[in-house]
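>
Protein chains: 2
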Amino acid sequence: MRRFTSRLLHLFSPNKELVSQLEHLLGFTPKHIPYYQLALMHRSKIEEIAQNNERLEFLGDAILGSIIADYLFKKYPYETEGYLTEMRSRIVRRETLNNIALRMGLQKLVQYNQNDKGLSRSHIFGNALEAMIGAVYLDQGFHKTKSYILKQIVKPYIDIEALENSDTNYKNQFLSWAQKNNHEVSFDTVDEKTEGTRKVFTIAISLNGDIVSEGSGFNKKEAGQVAAQAAIDKLSISNGKNSQ
Amino acid sequence: MRRFTSRLLHLFSPNKELVSQLEHLLGFTPKHIPYYQLALMHRSKIEEIAQNNERLEFLGDAILGSIIADYLFKKYPYETEGYLTEMRSRIVRRETLNNIALRMGLQKLVQYNQNDKGLSRSHIFGNALEAMIGAVYLDQGFHKTKSYILKQIVKPYIDIEALENSDTNYKNQFLSWAQKNNHEVSFDTVDEKTEGTRKVFTIAISLNGDIVSEGSGFNKKEAGQVAAQAAIDKLSISNGKNSQ
Chain A
1 MRRFTSRLLH LFSPNKELVS QLEHLLGFTP KHIPYYQLAL MHRSKIEEIA
51 QNNERLEFLG DAILGSIIAD YLFKKYPYET EGYLTEMRSR IVRRETLNNI
101 ALRMGLQKLV QYNQNDKGLS RSHIFGNALE AMIGAVYLDQ GFHKTKSYIL
151 KQIVKPYIDI EALENSDTNY KNQFLSWAQK NNHEVSFDTV DEKTEGTRKV
201 FTIAISLNGD IVSEGSGFNK KEAGQVAAQA AIDKLSISNG KNSQ
Chain B
1 MRRFTSRLLH LFSPNKELVS QLEHLLGFTP KHIPYYQLAL MHRSKIEEIA
51 QNNERLEFLG DAILGSIIAD YLFKKYPYET EGYLTEMRSR IVRRETLNNI
101 ALRMGLQKLV QYNQNDKGLS RSHIFGNALE AMIGAVYLDQ GFHKTKSYIL
151 KQIVKPYIDI EALENSDTNY KNQFLSWAQK NNHEVSFDTV DEKTEGTRKV
201 FTIAISLNGD IVSEGSGFNK KEAGQVAAQA AIDKLSISNG KNSQ
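Below is the structure:
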């Protein structure tokens with residue numbers, strides 16, 4: 001790590017300002033600053049794999065996933081594995097994380113090539129947030145990372161109740177968008193198979209006769225939700241209000 | 001947890017024997033036995049969600065994923081995120097975990113409905129191993145779980161070098177199986193798109209003219225591997241030697 005610290009430091013001068021920005025962002029004083037500098041370095045600035053944040057993003061994503069799993073496991077003692085999996089995927093979705101990163105102001109700290117216009121659509125701030133979580137883990141260990149995530153991310157930025165109640169929202173969102181834009185929609189069960197001891201259903205959504213997405217789940221409702229969410233992502237539909 | 005302990009205890013008498021089996025399996029003395037009893041209870045014995053191991057499997061899967069991510073991140077300081085992701089997926093594959101569970105002898109401890117013949121094909125022992133990891137995490141915390149996984153699972157059961165070198169194996173495995181059985185095979189690039197700042201390729205594998213699988217990756221080689229792995233799974237081809 002040390003061998004490229006000096007190079008990174010040049011990109012973040014004065015360093016004192018960075019430390020104070022990190023303190024504000026993290027809620028604690030970081031120990032080993034190069035971890036965080038690495039977390040804030042997007043590939044569009046430095047291609048070299050050991051010098052940009054992609055490896056830390058991999059680590060942070062895994063750590064975040066396990067901490068959210070622990071949080072949900074304890075919060076919902078009587079909910080199924082399927083419910084916990086669905087709730088986690090809503091929390092750690094790239095869009096959700098990117099929005100949180102923007103609300104935190106992480107875009108002011110991330111080093112990226114601002115001339116590359118495609119980047120703003122590619123969740124680079126959410127990815128940098130995951131990399132920051134990786135940095136916190138390396139710097140502070142699992143236990144401290146857990147309290148950082150719960151206090152600084154989940155509590156202020158995640159509306160668990162809204163996520164719970166968005167249970168049928170993807171389908172509703174998609175249908176209300178389609179109605180508004182006079183599209184014909186159908187949800188069709190296209191596959192039904194047995195995995196181990198369970199049935200798995202696949203539902204395809206057609207828009208004016210063309211299949212736009214598919215989704216699978218242990219029941220048709222779940223499969224329809226997954227398919228609707230995929231359609232929303234694919235067609236870039238926002239909260240059922242915007243038309244396109 | 002306590003309210004169904006007594007019921008579980010009946011299924012595992014004498015309890016002393018279980019503790020000694022767990023000690024042998026884990027390499028340490030567990031504190032809170034009901035966590036482990038829950039981890040060993042398959043849904044085919046008890047449908048009730050709070051009394052079988054599916055929730056613990058969710059938790060254990062996430063914890064295992066983060067510990068393996070940490071391990072790989074440190075082991076390969078110059079490898080890409082894509083490489084780390086691929087290596088992790090090879091380690092935590094359901095088949096790999098199921099084989100490890102069988103080699104550990106976990107099948108002797110798991111409580112399941114032995115009359116249900118479908119179960120033996122559904123990785124229930126690998127799933128129970130994940131649930132055991134969840135139990136270790138709840139009983140002992142992250143740090144102890146990390147050393148348990150590294151010492152009792154990775155070191156004795158995971159051949160990292162073999163996994164590294166299986167880099168091109170899926171494609172080779174598939175091709176050698178096809179040749180042996182006189183099948184015609186083609187690998188075709190069926191999609192090429194840009195995700196964020198990167199190209200993503202999709203390759204489809206055809207067997208005697210019919211598509212059997214698809215795979216995507218950041219380059220064609222990677223996509224071909226993913227597609228070949230999917231074809232191997234789908235057609236139940238074992239190590240390129242068995243014909244079917």
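Chains as they are written, first to last, in the numbering used here: chain A, 1 to 244; chain B, 1 to 244. Here a beta-carbon is modelled for each residue, glycine too, at the ideal position from N, C-alpha and C. Values in this document were obtained by computation on a predicted structure and should not be read as measured data.
Could I get the ranges of all uninterrupted beta strand (DSSP E) runs contained in the region 125-192 of chain B, with 3 residues as the minimum, in chain order?
Listed in chain order, there is nothing to give.
> Based on the DSSP output, what are the partners of Glu214(A) in its beta bridges?
Bridge partners of Glu214(A): Ala204(A).
> Closest Cβ-Cβ distance between Gly240(B) and chain A: below 8 Å?
Any reading at Gly240(B) must be qualified, since the residue scores a pLDDT of 37, below 50, and its modelled position is unreliable; the value itself is stated next. Chain A, which has no Cβ nearer than 8 Å to the Cβ of Gly240(B), makes this no.
> Inspect the CB distances between the region 94-104 of chain B and the region 119-129 of chain B and report whether three or more fall short of 8 Å.
Because the criterion of three Cβ pairs below 8 Å is met, the region 94-104 of chain B and the region 119-129 of chain B touch.
> Interface residues of chain B around Glu47(A) at Cβ under 9 Å?
What Glu47(A) touches in chain B: nothing, since even the nearest Cβ is about 11 Å away.
> Can you tell me the Cα-Cα spacing of Leu59(B) and Thr29(B), whole angstroms?
C-alpha separation (whole angstroms): 21 Å.
> Does the region 127-146 of chain A come into contact with the region 28-48 of chain A, if we say contact requires no fewer than three beta-carbon pairs (one atom in each stretch) closer than 8 Å?
Yes: at least three Cβ pairs fall under 8 Å.
> Exposed or buried, what is Asp159(A) when buried is set at 16 or more other beta-carbons lying within 10 Å of its beta-carbon?
The residue is exposed, with fewer than 16 neighbouring Cβ atoms inside 10 Å.
> Is there at least one Cβ from chain A nearer than 8 Å to Ala231(B)'s Cβ?
Chain A contact via Cβ: absent.
> Give the DSSP-derived three-state secondary structure of Lys16(A) in the structure shown.
Helix.
> DSSP on Lys199(B), reduced to helix/strand/coil?
Three-state DSSP puts Lys199(B) in a strand.
> Pop quiz: Gly224(A) and Ile211(A) are said to be a contact at Cβ under 8 Å. What is the actual Cβ separation, rounded to whole angstroms?
Their Cβ separation, rounded to whole angstroms, is 14 Å, which puts Gly224(A) and Ile211(A) out of contact at 8 Å.
> Could you pull out every unbroken alpha helix (DSSP H) segment of at least 4 residues lying fully inside the region 47-105 of chain B, listed in chain order?
Entirely contained in the region 47-105 of chain B, the alpha helix (DSSP H) runs reaching 4 residues are, in chain order, 54-75, 81-92 and 94-104.
> Pick from Asp191(A), Tyr83(A), Asn208(A) and Ser147(A): whose alpha carbon is nearest that of Phe201(A)?
Comparing Cα-Cα distances from Phe201(A) to each of Asp191(A), Tyr83(A), Asn208(A) and Ser147(A), the minimum goes to Asp191(A).
> Of the residues that make up the region 60-84 of chain B, which ones have a beta carbon closer than 7 Å to any beta carbon in chain A?
Within the region 60-84 of chain B, the qualifying residues are Ala62, Ile63, Gly65, Ser66, Ala69, Asp70, Phe73, Pro77, Tyr78, Thr80, Glu81 and Leu84.
> Given that Ala50(B) touches chain A, what residues does it touch there, using C-beta distances under 9 Å?
Those are Pro77 and Tyr78, listed as they occur along chain A.
> For Asp188(B) and Ser206(B), which I take to be in contact (beta-carbon distance under 8 Å), what is that distance rounded to the nearest angstrom?
That belief holds up - the Cβ atoms of Asp188(B) and Ser206(B) are roughly 7 Å apart, short of 8 Å.
> Using CA coordinates, which residue listed in Lys193(B), Lys220(B) and Ser186(B) is at the minimum distance from Gly209(B)?
The candidate whose alpha carbon is nearest that of Gly209(B) is Ser186(B).
> So His143(A) contacts chain B; which residues on that side make the cut at Cβ distance below 9 Å?
In chain order: Gly141, Phe142 and His143.
> Check whether the Cβ atoms of Tyr78(B) and Ile49(A) lie closer than 8 Å to each other.
Their beta carbons are under 8 Å apart, which means Tyr78(B) touches Ile49(A) by this criterion.
> I'd like to confirm the pairing. Which residues does DSSP put opposite Thr194(A) in its beta bridges?
Its beta-bridge partners are Lys199(A).
> Using Cβ-Cβ distances below 8 Å, what residues of the region 18-47 of chain B are close to chain A?
Those would be Arg43 and Ser44, in chain order.
> Can you look up Lys241(B) in the DSSP assignment and give me helix, strand or coil?
Low per-residue confidence applies at Lys241(B): pLDDT is 37, beneath 50, and the placement is therefore not dependable, though the value from the model is reported in the following sentence. Coil, per DSSP.
> Whole-angstrom Cβ separation of Gly65(B) and Arg90(B), contact assumed at under 8 Å?
With a Cβ gap of about 13 Å, Gly65(B) and Arg90(B) do not count as contacting.
> With a threshold of 8 Å between beta-carbons, can Arg55(B) be considered close to chain A, or not?
Yes, Arg55(B) counts as interfacial toward chain A.
> Let me know the secondary structure DSSP gives Gln107(A) once reduced to three states.
Reduced to three states, the DSSP call for Gln107(A) is helix.
> Exposed or buried, what is Ala39(B) when buried is set at 16 or more other beta-carbons lying within 10 Å of its beta-carbon?
It is buried - the Cβ of Ala39(B) has at least 16 other Cβ atoms within 10 Å.
> Using a Cβ-Cβ distance cut-off of 8 Å, determine whether Ala135(A) contacts chain B.
It does not; no Cβ of chain B falls within 8 Å.
> Just how far apart, CA to CA, sit Leu72(B) and His183(A)?
C-alpha separation (whole angstroms): 48 Å.
> Is it right to say Asn219(B) is buried, meaning 16 or more other beta carbons lie within 10 angstroms of its own, or is it exposed?
Counting Cβ neighbours within 10 Å, Asn219(B) comes out exposed, since fewer than 16 surround it.
> In whole angstroms, what is the alpha-carbon distance linking Ile83(A) and Gln51(B)?
A small correction: the amino acid at residue 83(A) is Tyr; Ile does not occupy that position in the sequence shown. Distance between the alpha carbons of Tyr83(A) and Gln51(B): 16 Å.
> Just mark Thr194(A) as buried or exposed, buried being the case when its beta carbon has 16 or more other beta carbons within 10 Å.
Label assigned to Thr194(A): exposed.
> What residues in its chain sit with their C-beta under 7 Å from that of Leu25(B), if we drop five residues either side in the sequence?
Answer for Leu25(B): Met104, listed in chain order.
> Count the other CB atoms, across all protein chains shown, that sit within 10 Å of the CB of Leu18(A); report buried if there are 16 or more and exposed otherwise.
Leu18(A) comes out buried.
> Would Leu102(B) be called buried (16 or more neighbouring beta carbons within 10 Å of its own) or exposed?
Result: exposed.
> Mind checking Gly74(A): buried by the 16 CB within 10 Å criterion, or exposed?
It should be pointed out that residue 74(A) corresponds to Lys in this sequence rather than to Gly. Exposed: under 16 other Cβ atoms inside 10 Å.
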